[in-house]
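Read top to bottom, the protein sequences are chains A and B.
Heads up, the first sequence is in my numbering, so the first residue is 111 and it goes up one at a time.
Heads up, the second sequence is in my numbering, so the first residue is 111 and it goes up one at a time.
Protein chains: 2
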Amino acid sequence: MTDINFSRGPTSPDSQGATSPAPRLGELRWDIIELLFFAYRDFVGDADHELEAFGFGRAHHRVMHFVYRYPGLKVADLLDVLRITKQSLGRVLKQLLDEGYIIQKTGNNDRRQRLLYATPKGEALVAKLAGLQTDRITRALRDINPEGVAAIGQFLRAMIDRDDPDKVLEAIFGTGSKKPRE
Amino acid sequence: MTDINFSRGPTSPDSQGATSPAPRLGELRWDIIELLFFAYRDFVGDADHELEAFGFGRAHHRVMHFVYRYPGLKVADLLDVLRITKQSLGRVLKQLLDEGYIIQKTGNNDRRQRLLYATPKGEALVAKLAGLQTDRITRALRDINPEGVAAIGQFLRAMIDRDDPDKVLEAIFGTGSKKPRE
DNA sequence: CAAGATATGTCAACATGACTGACATAAATT
DNA sequence: AATTTATGTCAGTCATGTTGACATATCTTG
């Protein structure tokens, strides 16, 4: 076994640390910061393992997820949501199209647009991954009462930037977004 | 403006979708899944912007964070926590050492070990980034009562895998970990 | 003590998923 | 007819992850 001998807190030994120059070393939410790190790591880990079997990565998952959830999403919308460049999106989207997980449909009003839809094959993949993640979430919520669950939802919503919301965020928050605080 | 015309839910148009082959399309926690995605994206985004000014990336942040928080962490511990290979860690660690954000100290009991400590320069960087993230967390928790805050902590803890916990997780959960469920 | 295991570091090659910049096409708008 | 917009694509680069091989110092064990 490796020894469990490290103590907690900033107690550097000889790191020239007698000057203590750091600002606000109390009142920081180290607890939540680290819990978010580990929780998210394991949360996405569920899907990562499954994706390997398909030869896909996280990028493919994100695309599939939002295309399935918001059918008819335009390429431009997807770029807003994922916050990546069209070159980056292009690669994974091309694979998903070629392998039949997503189909494109020319827009009715604007024939330049390519509206995206998940195929049954794509739906099955998304559902499988969401199932794994839902299992984890359900387990985590099991011993929490409805008020607690509501607080969790409120917290997560409040962690999200709402200036310049993309289409998906507008859907989540109910179009009349753009209300930061106060 | 781009039109806000996409409807919700899996209502594919002609994606050969009359067969509906997907398993369990109800009862999935799409809400929490998406909230976690956006919340984490914006949460790490705070630090990302600041890191650019230092010429660092997320990898550097993670290393700095855990070295500061758990002084005397060994290289092997860090590998466990971050779940990356020593070659990956080696690159960012070397930069942080060379630029004076971290120092190494030979282990007392075992002189093969290199115990890691943040320098004052490193502490300042970590504190700055944690400050940004704490601001977001504090804002998000502002209108939530103590019971709600407790529920949030409980939820995040329960989202984390506890089989084979690393040193940091043992510290967070209080060594007697290894209790999965029931 | 000699042999083997362990902790760390490093070289080289490669994959993924980001990025920038440039350019092409089709369709809508002016 | 000219311009703008939505999309696609080529080419190169960067950050960060991976494997595999190997070197060195130090600890542990027979």
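Every residue, glycine too, gets a C-beta built ideally from N, C-alpha and C.
Along the region 210 to 281 of chain A, the alpha helix (DSSP H) occurs as fully enclosed runs of 4 or more residues at 230 to 251 and 256 to 268, listed in sequence order. Proximity to B:ILE282 across B:PHE166, B:ARG179 and B:ALA237 peaks at B:ARG179, based on C-alpha coordinates. By the CB criterion at 8 Å, A:LEU199 and A:LEU189 fall inside the cutoff.
Within the region 232 to 244 of chain B, the residues whose Cβ lies closer than 7 Å to some Cβ of chain A are GLU233, ALA234, ALA237, ALA240, GLY241, GLN243 and THR244, listed in chain order. Think of a sphere of 7 Å around the beta carbon of B:LEU207: no beta carbon from chain A falls inside it, the nearest being about 12 Å out.
Burial is judged here by how many other beta carbons sit within 10 angstroms of a residue's own beta carbon; B:ASP208 has fewer than 16 and is exposed. Three or more beta-carbon pairs drawn from the region 230 to 240 of chain A and the region 163 to 175 of chain A are found closer than 8 Å, and the two stretches are therefore classed as touching.
In this structure, the CA atom of B:GLN205 is about 13 Å from the CA atom of B:GLN214. In the three-state reduction of the DSSP assignment, B:LEU183 falls in the strand class. Secondary structure note for B:PHE166: it is in no alpha helix (DSSP H), with a DSSP letter that is neither H nor E.
For A:LEU199, the enclosing alpha helix (DSSP H) begins and ends at 196 to 208. Ranking A:PRO256, A:ASP271 and A:LEU239 by CA distance to the CA of A:PHE153 puts A:LEU239 first. The shortest CA-to-CA distance from B:LEU225 to any of B:THR195, B:ALA186 and B:ILE262 is the one to B:ALA186. Look at A:GLY284 here: in three-state DSSP terms it is coil, with no helix or strand label.
Within its own chain, the residues whose Cβ lies closer than 6 Å to the Cβ of A:VAL191, once the five positions on either side in sequence are excluded, are PHE176, ASP276 and VAL278, listed in chain order.
Contact between the region 253 to 270 of chain B and the region 242 to 250 of chain A is established, with three or more Cβ pairs separated by less than 8 Å. In the three-state reduction of the DSSP assignment, A:GLU160 falls in the helix class. For B:ALA149, the residues of chain A that pass the 7 Å Cβ criterion are LEU266, MET269 and ILE270, in the order they occur in the chain. Note on geometry: alpha-carbon atoms of B:ILE142 and B:GLY258 lie some 16 Å from one another.
Assigned with DSSP and collapsed to three states, B:ARG193 falls in coil, not helix or strand. The distance from the Cβ of B:ILE254 to that of A:ALA261 is about 5 Å, consistent with a contact at the 8 Å cut-off. Identification of chain A residues near B:ILE262 by a Cβ-Cβ cut-off of 7 Å yields ALA261, ILE262 and PHE265, ordered along the chain. In the three-state reduction of the DSSP assignment, A:ARG172 falls in the helix class. Look at B:GLU144 here: in three-state DSSP terms it is helix.
Rounded to whole angstroms, the Cβ separation of A:LEU146 and B:TYR150 is 7 Å, and the two are in contact under 8 Å. Collapsing the DSSP output to three states places A:ARG151 in a helix. Between the C-alpha atoms of B:LEU251 and A:PHE148 there is a straight-line separation of about 19 Å.
Secondary structure at A:LEU188: helix, using DSSP grouped into helix, strand and coil. If you compare the alpha carbons of A:GLY263, A:LEU138, A:PHE265 and A:LEU242 with that of B:GLU137, the shortest gap goes to A:LEU242. Against A:ARG246, the close residues of chain B are MET269, in the order they occur along the chain (beta-carbon pairs closer than 8 Å).
Of the residues assessed, B:GLN197 falls on the exposed side of the cut-off, its CB having fewer than 16 other CB atoms within 10 angstroms. With a cutoff of 8 Å on beta-carbon distance, B:TYR227 and B:PRO256 are scored as not near each other.
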